[in-house]
Amino acid sequence: MIAKTCTAISIIGAACVSVGAPGTANAVWSISNIGLVWHNYRTGEISQAAMFTVFWILAVLGVFREVLL
0 MIAKTCTAIS
10 IIGAACVSVG
20 APGTANAVWS
30 ISNIGLVWHN
40 YRTGEISQAA
50 MFTVFWILAV
60 LGVFREVLL
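In this text, residue positions in the sequence shown follow numbering that gives the first Met the number 0: the first is 0, and each later residue adds one.
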């Protein structure tokens, strides 16, 4: 269930980018990606979890950049 929910949230983030709202997309992705990290670690998909960890870090950095600049 968590994977489907996080995937749906990620799609919302992609839609935000497509309408020119990258800051909002990064905020949305920072929520969904941490859920996908947790799900993938829990199911033993360590490489997927590592990938989503990187995506989460980039999304958080994007949020900070949007807020601070």
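Where is the CB? At the ideal position from N, CA and C, for every residue including glycine.
- Message: Tell me which residues share the same chain as Ala13 and place their Cβ nearer than 8 Å to its Cβ, disregarding the 5 neighbours each side in the sequence.
- Response: Position 14 of the sequence shown, counting from 1, holds the residue named residue 13. Cβ neighbours of Ala13 beyond the five flanking positions: Ala24.
- Taking Cβ positions, are Ala26 and Val62 nearer each other than 8 Å? By one-based count along the sequence shown, residue 26 stands at place 27. By one-based count along the sequence shown, residue 62 stands at place 63. Result yes, Cβ atoms of Ala26 and Val62 sit closer than 8 Å.
- Do you know offhand how far Asn32's Cα is from Leu57's? Residue mapping note: residue 32 aligns to position 33 of the sequence shown, counting from 1. Residue mapping note: residue 57 aligns to position 58 of the sequence shown, counting from 1. The straight-line gap from Cα to Cα measures roughly 10 Å.
- Message: Could you compute how far the alpha carbon of Ile1 sits from the alpha carbon of Val59?
- Response: As a first step, residue 1 is located in the sequence shown; it is residue number 2 there, counting from the start. As a first step, residue 59 is located in the sequence shown; it is residue number 60 there, counting from the start. Approximately 20 Å between the Cα atoms of the pair.
- Message: Which residue marks the beginning of the alpha helix (DSSP H) containing Val66, and which one marks its end?
- Response: Translated into positions along the sequence shown, residue 66 becomes position 67. Run containing Val66: Ile45 to Leu67, per the alpha helix (DSSP H) assignment.
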